[in-house]
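Below is one structure, written out as structure tokens, with a few remarks after it.
Chains as they are written, first to last, in the numbering used here: chain A, -13 to 502; chain B, 3 to 317.
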């Protein structure tokens, strides 16, 4: 209890006071997305936009041309997790592992997924976020792993704080301060988080069936880098004469890339983990730089079937995705996008569904969609106002978005332009003063605009016993309302509040408007 | 509890259960309520009210704060050596200090320094904010004040909210922000602002930030609710920050045009008197504000300035 100054606000307090500086996240949270060529290329093809920091991805592709899939073996954070899990007490032993590490046709699935994503992006829907390893990892960590641990840890602290043993109280207070920077105070929640978490666990579990199953079979980024490693000059040299055919190299090969002498090395499958070369007892393998070789590396095995299926899926998914009318007809009233979001079509062309905006949101209002944005927009961000609200002077979601689906904006833009995300309306049947159930001004009190978008008229209202009292009845001035949703969030009518926000009036859309 | 009607057996059992329940709760949370006798005796003692005005161009707000306390006989009269002091500012909104939606950081800084100079062991800044607390602390300047002075900034987290017996006329049991009641001395440090329902938000209304739970339901009987809270918290002193006040579009303001410059501080040991004096700055008499009327009625304090020793400090 001695010190309760929380260290969780990630800002230097002294820089903020008496200046107009926006609070920003200074950590390079977008770096892995900038390094990820699949994010860069799909954004370029669908959104016709070079994302900020694309040069990193271009550099990585250039490097891959010479060195192969070193990203998979040395940089990819999801690959690292898979590698560790596959290496730690492997489930298969000896001969069974050798068998599991033979190349199989299922490894073509990743090329199918890659082609689907690339063609889909050309047709106009960015699907890469669903399967891209960086997006998948960030989404899983931000929306399930950390909040899940947070729920557990804060639950223990709350239990300790409620106990009547004083020492437990004190321990919980100091424990909370230590845990808060990582897990925050209180309990976070995200729609469909259980599903995201379950998928993540499943993907991790697949390593028990085949080492790095995800990287071998499913990862579209791996497929892209595999294509680029066609001309790699860092090559696996095999010395047939030294080989005793012990198969140790195949047993430790995590990419199923046929390292053993006597077979042709699958260059595009190789994750550049160097396990084979490291474990060969006879030094029959080595990685060498070779400039001009009469034999090129082996062609990536993607099969005509995978290409055709990819083409078909890539064309049809974006078209099918528009059939639910969310883009052309009318948007779901509950589809309230974060401030600074692009118009819906442009948004779907860039959003990676990575969950960064949801993680950074201080009020936990941004959630993955289920059906609000249609099939095409599954897991894209939207605001659920009964869970939080958009804070008037907060700009963090635009600050962290890696592709610019949410454009970077300043507090000044947000207030003065202004950026509207929707508009509020009063449900008079539920509202306390309107229904004669008593005075209440909570929505007006919290309305952050100046002058306030919620105003009163004093009028007599008949109560339940017929008594007439003069109360202040709330009205919404649509010209001033920004749709921030703090009225809905703070409304004392719980469950379904008496004032609610719909997306109509959002400034990103020309059609979805109410006023002239 | 005031009993105005014959009590039924059922009601008697109910209230007995409630009282025993709250006693059990109070022992769980390790809190010791003051016996009602001496607490009432304190308010009978003669109160004071001191008004500080900064009239000179470029006067120091911190200096004015110090002068006001000097006129009250020094901080040592309120804070003893080794005390844990809780300060309850109004940090509700993530707004810049110049928009006057939150307590002036310079006043808060001077106040904390004075507490430490008087020998306080620990000073805590305690407020259950409306906007996200982390952002409020950063934007309002409370964070940098805490850093500079070494005071604790208590994050309003769920584990620090405990159900307590309010003993009010309207409120029975409510979630209370624990550090406020655990402190040896409590200083109310509100900012004076316009408000849509209670007309003004001054010292008494500031206690809304000392509770949690379904506090937005309190607006259905705002005047009695906040007077109940003020009677529960019983601060040692109230210092109303009226350096800049919000005269319209309150309580959140948001535009410099909502702010009026008053360069005033009001210090009192009488919660009602402090509010009545601050209300004058907005042009309201004490009889126009429900919480002042109720506060006088229930013996929380007086709005009759003649009953207090009054002083004015001008810088």
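Every residue, glycine too, gets a C-beta built ideally from N, C-alpha and C.
When DSSP states are grouped into helix, strand and coil, residue 420 of chain A belongs to the coil group. In this structure, DSSP gives residue 43 of chain A a helical state, which the three-state scheme calls helix. Along the region 157 to 173 of chain B, going in chain order, the ones with a CB nearer than 9 Å to a CB of chain A are 157, 158, 159, 160, 161, 162, 164. Of the residues assessed, residue 117 of chain A falls on the buried side of the cut-off, its CB having 16 or more other CB atoms within 10 angstroms. For residue 91 of chain B, there is no enclosing alpha helix (DSSP H); the residue is part of the beta strand (DSSP E) that begins and ends at 86 to 91.
Shown here, residue 60 of chain A sits in a helix according to DSSP, grouped into three states. For residue 265 of chain B, there are no C-beta contacts with chain A under 9 Å, since the nearest C-beta of that chain is about 18 Å from it. A straight-line Cα-Cα distance of about 5 Å links residue 88 of chain A and residue 242 of chain A. Every alpha helix (DSSP H) of 4 residues or more that sits fully in the region 429 to 478 of chain A is shown, in chain order, as 472 to 476.
Among the residues facing chain A, residue 218 of chain B is included, as its CB has a counterpart in that chain under 7 Å away.
Annotation: the continuous alpha helix (DSSP H) that includes residue 81 of chain A extends over 80 to 86. Three or more beta-carbon pairs separated by less than 8 Å are not found between the region 109 to 121 of chain B and the region 206 to 224 of chain B, which leaves the two stretches without contact. For the pair residue 384 of chain A and residue 395 of chain A, the CB atoms are nearer than the 7 Å cut-off.
Minimum Cα-Cα distance from residue 462 of chain A among the listed residues A:31, A:439, A:481 corresponds to A:439.
Per DSSP, residue 145 of chain A lies in no beta strand (DSSP E) segment; the continuous alpha helix (DSSP H) that holds it begins and ends at 132 to 148.
Beta-bridge partners of residue 252 of chain A (DSSP): none assigned. In terms of Cα proximity to residue 75 of chain B, the closest of B:103, B:270, B:225 is B:270. Shown here for residue 108 of chain A: same chain residues with a beta carbon closer than 6 Å to its own, the five before and five after excluded, namely 31 in chain order. DSSP places residue 170 of chain A in the coil class of the three-state scheme, outside both helix and strand. One Cα belongs to residue 484 of chain A, the other to residue 414 of chain A, and the distance between them is close to 7 Å. Taking residue 58 of chain B as the centre and dropping the five residues before and after it, the same chain places the C-beta of 317 closer than 7 Å to its C-beta, in chain order. Boundaries around residue 125 of chain B are those of the beta strand (DSSP E), 124 to 128, since no alpha helix (DSSP H) includes it. Contact check for residue 277 of chain B and residue 294 of chain B: beta-carbon distance about 6 Å, within the 8 Å limit, so the pair qualifies. Within the region 188 to 217 of chain B, the runs of beta strand (DSSP E) that reach at least 3 residues and sit entirely inside it are, in chain order, 193 to 197, 201 to 203.
At the C-beta level, residue 374 of chain A and residue 335 of chain A stay beyond 7 Å of one another. Closest by C-alpha distance to residue 58 of chain A, out of A:23, A:492, A:176, A:455, is A:23.
Among the bridge pairs identified by DSSP, residue 182 of chain A is matched with none.
Straight through space, the alpha carbons of residue 96 of chain B and residue 105 of chain B are spaced by roughly 12 Å. For residue 178 of chain B, the enclosing beta strand (DSSP E) stretches over residues 175 to 179. In the three-state scheme derived from DSSP, where H, G and I count as helix and E and B as strand, residue 335 of chain A is classed as helix.
With a cut-off of 8 Å on Cβ pairs, the region 26 to 43 of chain A is not in contact with the region 164 to 184 of chain A, counting fewer than three such pairs. Three or more beta-carbon pairs separated by less than 8 Å are not found between the region 66 to 76 of chain A and the region 46 to 57 of chain A, which leaves the two stretches without contact.
Pairing residue 142 of chain B with residue 93 of chain B gives a Cβ-Cβ distance under 7 Å. Residue burial annotation: residue 475 of chain A is buried, with at least 16 other C-beta atoms found within 10 angstroms of its C-beta. If only uninterrupted alpha helix (DSSP H) runs of at least 4 residues are considered, those enclosed by the region 375 to 421 of chain A are 382 to 386, 397 to 402. CA-to-CA, the gap between residue 314 of chain A and residue 401 of chain A works out to about 29 Å.
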